[in-house]
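S.K.: Numbering (the numbering used here), first residue to last: 1 to 97. Each residue gets a CB set at the ideal place from its N, CA and C atoms; glycine is no exception.
1. By Cβ distance below 8 Å, which residues in the same chain neighbour residue 16 in space, the five residues on each side in sequence not counted?
2. Just verifying my parser: in three-state terms, what is the DSSP assignment at residue 44?
3. Three-state secondary structure (DSSP) at residue 51?
4. So, helix, strand or coil for residue 56, using DSSP?
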């Protein structure tokens, strides 16, 4: 199964890719939300790991685009943000999806 990793921090992206590969999955990597949406539509991954704070298109906008697309709306998306200030926003955003 392909796992799409959408992460702008190269060290974190490489670490996640290594972990995904060690567990027997195929990592597919992109560095911003726009490229992530394009790659998800192209490669049809089984899981998408999505950073929320990225350049070009942030994770919030990418998640909305993925949910709006017929190709990817049923995919499982996991997102993360390490800052406490976004916790309430994430809960509220989840309700709106």
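M.R.: Let me spell this out:
1. 5, 7, 27, 49
2. coil
3. strand
4. coil
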